[in-house]
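Chains as they are written, first to last, in our numbering: chain A, 22 to 284; chain B, 31 to 380. Here a beta-carbon is modelled for each residue, glycine too, at the ideal position from N, C-alpha and C. Please read these numbers as outputs of a predicted model, since none were measured by experiment.
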Amino acid sequence: MNRLPGDRRIWTLLAFPGLMLLLFWLERGVLARQVAERTPAEEVAYWEAHVERNPDYVASQVRLGVAYQQVGRSDAAEAAYRRALELDGDWDAAALALYGVERAKGERDAARTRLEAYSRTHPRCAVCWHNVALEHLDLGRLDDAALAVESLLASGLTMTTGLYDAQDLRYEAFVLSGRVHSTRGEFDRGIADFREALQRDVPDARAHIGLARSLLGISKPDDAMVVLDEAELLFPRGDGRTGSQLEATRRRALQQAGIRGRP
Amino acid sequence: MGAATNGRSLEQRVASLFPTRDHYIASPAFDWLFLIGSPLLAVVVVLGASRLMAADRVEYYVLAYMAIGHHVPTFLRAYGDADEYTRNRFQLIVLPLCVIPLVVGMVLVDARLLTLIFVWDQYHFVRQHYGFMRIYDVKAGASSKFDARLDQWLSFSAFIAIIAHSGFYGYMYADSFYALGIVFPDWLVRVFEDGSLAVAGVVGLLFLARLQWRIANGLPIAWLKLVLFATTFGVWYFAYVTLAHGFLSYAISSFFHCLQYDAFAWYYNRKKALSLPPNRSNRVFRFVHESRQLWLFVTLILAYGLLSSLGKTLWLVPVLALNTTTGLLHYYFDSFIWRVRRAEFREHLQ
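As structure tokens, then:
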């Protein structure tokens, strides 16, 4: 210890953790409240002022579009996203946001067509392929959905945009792939996909539900019950949509097994 | 005029425009490739790579293998060089013990405060540039307290003006502060933007006036410092203001910062290692910095980057905490382990 107390560096050193703790208290105790109390209109005003100063940066336009969407100004949001794509035609977040707002406005076909075209020219946009696959699956276009899932799995499965909050894109991809295969009646492939998804240890019951349904597809109700029991252990408060899906799948399993009640 | 007052012929004055070999830190080739020309090299490499792969991948590779990796030479010097370790033992032992639990805690609770580390990151970019300016001034015999202060003002004011007019950083600051709950009034941001430009303009004029005065009085001029300033700030302006790309702007800046840092650390530490008497306390430091072990030095840098990027897929939170901790310590340690004014430092740069 070659420094004596009173040395400026030592005081700086001791002040550093103190300052970090003080700032952390500020963040949680004071600033977090301001964030929580912020209104969507204030958010619009903030990003409008920012974009006025910073009109040529793509992420600024996307952020303004998101703020507009929060107050229901879909046309303004769409204009902001289009401007963002003019600034940078390779900005995945802008393409996805434009898809989202067009879809919300009811222009679903146009939105899907545009996103699919964008995905073809930007094959690494995993979130784009994920949405395209979901669209086709919802419309019952299983071959197109399967192709989109293949592209999704080949995309590298990395997030190129901070706009979307997927816990684990690989998990999402395998759940989607499992859904497509099971819907097509390819239960073995679906089971393999759902098992792959379960390996990711994501706190979400969809892989369990999909796996149980696929097992029912090949008449294995006992195996399905094991999966559902595990899901209920992992997600004991499976309320809402997940809870009702678990319950419905369990009823199917019980019917298939010919059991009318559980001990 | 200057030529007359100093009795120097036109030939002598013209010759003084060209730096001699001893004005370079290592050698003309080394300096031009790794220090002075590296900002231009960064533009070529990063933009070239973006033609071969997606921009976010380019940024990923630069951040993983260069930005994270360049923390390694700091630790090699701080803990491996026995002199450095003895001199700063208190900071090198106590600070990590304070920072590690704090950073781990903040990563675990996802504190937004951590996002503001990028402010310190930018500060340390400019500090490094200023450090090289000082070395070139000293090497050219052009150093004075006033010039040192003017260099510092020039570097920081020009950088702040660039940041204030950068779409890329304008968004990053707006988003980070907003997410944290801090909203600066619009008028204040505009005053900051215009004010930073005005300050940089005034300092730039002062700098030019001082340069003119030095030339007129026949005082030595550190031409390499001026070229370094031009390449660095030219590229920063291009990357942050002209290009303003969400993935490529920072990648360019980080690429040349890390290349400069790693190259300089290798050069300086190697010279220091050669001068050390062989003993147990500096055995590792001397071994890593032997000329034939350059591959090991590079491998250590790349390995930390590789382990971090692979580790993130398995243990995201611990690896994030580790990278944040080494980043913070790198910024802090750098503020005292490379002091140009120290006699030992000057001795090894002769």
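Might you give, ordered along the chain, the residues of its own chain that have their beta carbon closer than 6 Å to the beta carbon of residue i, omitting 5 neighbours on each side?
i      : result
L379/B : none
W253/B : P49
P26/A  : Reliability fails at P26/A, whose pLDDT of 48 lies under 50, so the model's placement of it is uncertain and the value that follows must be treated cautiously. Taken in chain order, the list of residues that qualify is empty.
Output the boundary residues of the alpha helix (DSSP H) element that contains residue i.
i      : result
V314/B : R313 to V318
D222/A : No alpha helix (DSSP H) holds D222/A; DSSP gives it neither H nor E.
L358/B : L346 to I367
I212/B : Where I212/B is concerned, there is no enclosing alpha helix (DSSP H), given that its DSSP letter is neither H nor E.
A56/B  : Run containing A56/B: none; DSSP gives neither H nor E here.
K26/B  : Outside the displayed span of chain B (31 to 380) sits residue 26/B, for which this structure offers no information.
K175/B : K175 to A194
W112/A : From DSSP, W112/A is part of no alpha helix (DSSP H); its letter is neither H nor E.
G127/A : Looking at the DSSP string, G127/A is not in any alpha helix (DSSP H), and its letter there is neither H nor E.
Y67/A  : P61 to R74
G231/A : R227 to G238
D77/A  : Neither: D77/A is in no alpha helix (DSSP H) and is coded neither H nor E.
D140/B : Premise fails: D140/B is in no alpha helix (DSSP H) and is neither H nor E.
L275/A : G261 to A278
E377/B : A373 to H378
Q55/A  : A53 to E58
A252/A : P242 to L255
Alpha carbon to alpha carbon, what distance is there between residue j and residue i?
i      : j      : result
F317/B : V328/B : 14 Å
W32/A  : D96/A  : 55 Å
L275/A : G211/A : 21 Å
Y139/A : T179/A : 17 Å
N309/B : W296/B : 20 Å
V92/A  : E63/A  : 10 Å
N23/A  : P76/A  : Because N23/A carries a pLDDT of 48, less than 50, the predicted location of this residue cannot be relied on, and the following value inherits that uncertainty. One C-alpha to the other measures close to 54 Å.
R164/B : D151/B : 20 Å
D151/A : L197/A : The residue asked about is misnamed: residue 151/A is His in this sequence, not Asp. Roughly 8 Å separates the two Cα atoms.
R262/A : E251/A : 18 Å
V73/B  : L108/A : 21 Å
Y160/B : Y153/B : 11 Å
L225/A : G206/A : For the sequence presented, residue 225/A should be read as Asp rather than Leu. Distance between the alpha carbons of D225/A and G206/A is about 24 Å.
S196/B : D244/A : 59 Å
V232/B : S187/B : 10 Å
Y362/B : W62/B  : 28 Å
L237/A : V349/B : 41 Å
L21/B  : A230/B : The structure shown has nothing for residue 21/B, since chain B only spans 31 to 380.
D189/A : L173/A : 13 Å
A175/A : S279/B : 28 Å
R281/A : L44/A  : For R281/A, the pLDDT reaches just 46, beneath the cut-off of 50, and the residue's location in the model is therefore unreliable, although a value from the coordinates is still provided. If I take the Cα positions, the gap works out to 60 Å.
V79/A  : A115/A : 8 Å
R59/A  : W68/A  : 13 Å
P284/A : M246/A : In this prediction, P284/A has a pLDDT of 44, which is less than 50 and means its spatial position is unreliable; nothing more can be read from the coordinates.
L218/B : A105/A : 26 Å
W325/B : Y91/B  : 19 Å
L9/A   : N118/B : Past the edges of chain A, shown from 22 to 284, lies residue 9/A, and the structure says nothing about it.
E128/A : A88/A  : 20 Å
V156/B : F285/B : 14 Å
G234/B : S321/B : 41 Å
L256/B : E217/A : 58 Å
To which residues of the same chain is residue i closer than 7 Å at the C-beta, ignoring the five residues directly before and after it?
i      : result
Y199/B : I193 and Y270
Y208/B : none
R74/A  : none
R124/A : A132
Q277/A : L237, S240 and P242
T262/B : P69 and H159
R273/A : L237
R234/A : S203 and T270
S80/B  : V88 and L278
Here's a check: name, in chain order, each residue in its chain whose Cβ is nearer than 8 Å to the Cβ of residue i, leaving out the five neighbours to either side.
i      : result
A34/B  : Caution is warranted here: a pLDDT of 43 is assigned to A34/B, below 50, making its placement in the model unreliable, and the coordinate value is therefore given only provisionally. No residues qualify anywhere along the chain.
L144/B : V133, M136, V137 and T354
L258/B : L65, I66, H159, F162, M163 and Y166
L289/B : F64, S68, L71, A72 and M96
S338/B : A94, I98, V349, L352 and N353
R94/A  : V65
M202/B : F148
Q323/B : F317
| task | Quick one: which unbroken alpha helix (DSSP H) runs of 4-plus residues sit fully inside the stretch 131-213 of chain A? Chain order, please. | result | 147-159, 163-175 and 190-204
| query | What are the complete alpha helix (DSSP H) segments, minimum 4 residues, inside the stretch 61-123 of chain B? | reply | 68-82, 85-91, 101-105 and 112-117
| 4 or more residues per run - each alpha helix (DSSP H) lying fully within the stretch 217-292 of chain B | 253-267
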